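From first to last, the protein sequence lines are chains A and B.
Residues 1 to 142 (our numbering) are what the first sequence spells out, left to right.
Residues 1 to 142 (our numbering) are what the second sequence spells out, left to right.
Number of protein chains: 2
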Amino acid sequence: MDQELTILKDYLKQKGLRLTPQRESILKAFIENEGHLEIEELFDRAKAIDSSIGIATVYRTINLLTECGLARENSLPNGKKFYERLFRQGHHDHLVCNNCGKIVEFEHPLIEQFQKDVALKHDFILQNHQMALYGICSDCKS
Amino acid sequence: MDQELTILKDYLKQKGLRLTPQRESILKAFIENEGHLEIEELFDRAKAIDSSIGIATVYRTINLLTECGLARENSLPNGKKFYERLFRQGHHDHLVCNNCGKIVEFEHPLIEQFQKDVALKHDFILQNHQMALYGICSDCKS
DNA sequence: ATTATTATTGATATTCATTATCAATAAAGG
DNA sequence: CCTTTATTGATAATGAATATCAATAATAAT
Ligand SMILES: [Mn+2]
Ligand SMILES: [Mn+2]
Ligand SMILES: [Zn+2]
Ligand SMILES: [Zn+2]
């Protein structure tokens, strides 16, 4: 939490923004969780720390956390977004169950390398990528 | 166009739905175009054929085309969707310019194979996947 | 400390893409 | 032609995310 807080502080200072109790509470709620959080879940967890926090502040703060590299934003085909920790956590992509919504993480360095090759070949400066495999998980098969 | 129309007809019949002039016009507008279409663009092209067509019918019809395998739906991080021909067109994924929005297609059979491997390893029945590489295109670099 | 400046907050209005509703219309089969 | 029922276009509704705004609080200056 200390390192993450420092990263946020530095980012805020650099942008001329301020560290507030709300932002600190939302960061804490976010960091405490290891999984994949939708906004409403993060809102609930933040309210458990400070019940007066508003949903608008949660949206604003998760955007700050994404900008400063502490959070990673993922979009689902249904138009919702979910967030997860990015700091000190290996890069990975996701398998998503089309039936129950379960999210499983995987890493594949070779795919990552090929993505870089493709970008290079097409003269793109690769900034980020987004890959998700959709299907039916083992639980839902049965 | 003939083969596509047959596919749509068969799908509609199988579902107990009807072929209408509107659906035929929207299919035509969709097929005529080789690129990546957002709904509003498809709407404009369909109106050029039949000016009385409503936007709701365009939404309804592109969903039908997606269901019967003639169209492929892609989501952008901004929440919009774009569509492209799927029938008799090789599978590919996309490079997207974060600056000008340009979309470049690429194929990488090895990545596709690895995706299948990953799904198998995690006991998922792979149904579809979604991969996009985001960055700065060669034009925008300069 | 006191004050001045300006970012922040929570509530709420707004936006924007997409879907739902509904009365009028028109396929399709007999 | 008739009957049944899917379809249409206009428009209302939805839902996630952002914009607005007056009140509040953090920071810097006095
Ligand atoms: Mn993850
Ligand atoms: Mn394409
Ligand atoms: Zn499942
Ligand atoms: Zn570009």
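For glycine and all other residues, C-beta sits at the position ideal for the given N, C-alpha and C.
As the structure is a computational prediction, the values presented were derived from the model and not from experiment.
Can you find the residues in the same chain that come closer than 7 Å, C-beta to C-beta, to residue i, ignoring five residues on each side of it along the sequence?
| i | result |
| --- | --- |
| A:SER25 | ALA46, ILE49, ASP50 and ILE53 |
| A:CYS140 | CYS97, ASN99 and CYS100 |
Does the Cβ of residue i lie closer than 6 Å to at least one heavy atom of ligand 4?
| i | result |
| --- | --- |
| B:LYS141 | no |
Any beta-carbon of chain B closer than 7 Å to the one on residue i?
| i | result |
| --- | --- |
| A:ASN74 | no |
| A:MET91 | Correcting the residue identity first, residue 91 of chain A is His in this sequence and not Met. No, A:HIS91 does not count as interfacial toward chain B. |
| A:ASN63 | no |
| A:GLN113 | no |
| A:HIS129 | yes |
| A:VAL96 | no |
| A:LEU126 | yes |
| A:TYR134 | yes |
| A:ALA71 | no |
| A:VAL58 | no |
| A:PHE106 | yes |
| A:ALA29 | no |
Which residues in the same chain have their Cβ closer than 8 Å to the Cβ of residue i, if we skip the five residues on either side of it in sequence?
| i | result |
| --- | --- |
| A:ILE7 | CYS68, GLY69, LEU70 and PHE87 |
| A:PRO21 | ASP50 |
| A:GLN3 | PHE87 and ARG88 |
| B:GLU84 | GLY35, HIS36, LEU37, ALA71, ARG72 and ASN74 |
Taking 7 Å as the threshold (beta carbon to beta carbon), is residue i in contact with chain A?
| i | result |
| --- | --- |
| B:CYS137 | yes |
| B:ASN78 | no |
| B:ASP2 | no |
| B:ASP123 | yes |
| B:HIS36 | no |
| B:ALA46 | no |
Would you call residue i buried or exposed, if buried means 16 or more other Cβ atoms sit within 10 Å of its Cβ?
| i | result |
| --- | --- |
| B:GLN115 | buried |
| A:ILE55 | exposed |
Can we count residue i as close to ligand 2, meaning its CB is less than 6 Å from some heavy atom?
| i | result |
| --- | --- |
| A:GLU24 | no |
| B:GLU84 | yes |
Residue i: beta carbon under 6 Å from a heavy atom of ligand 3?
| i | result |
| --- | --- |
| A:ASN99 | yes |
| B:LYS28 | no |
Give me, in chain order, the residues of the same chain whose beta-carbon lies closer than 6 Å to that of residue i; leave out the 5 immediate sequence neighbours on both sides.
| i | result |
| --- | --- |
| A:THR57 | GLN22 |
| B:GLU107 | HIS92 |
Between the stretch 124-141 of chain B and the stretch 82-100 of chain B, do at least 3 Cβ pairs fall closer than 8 Å? Contact between the stretch 124-141 of chain B and the stretch 82-100 of chain B is established, with three or more Cβ pairs separated by less than 8 Å.
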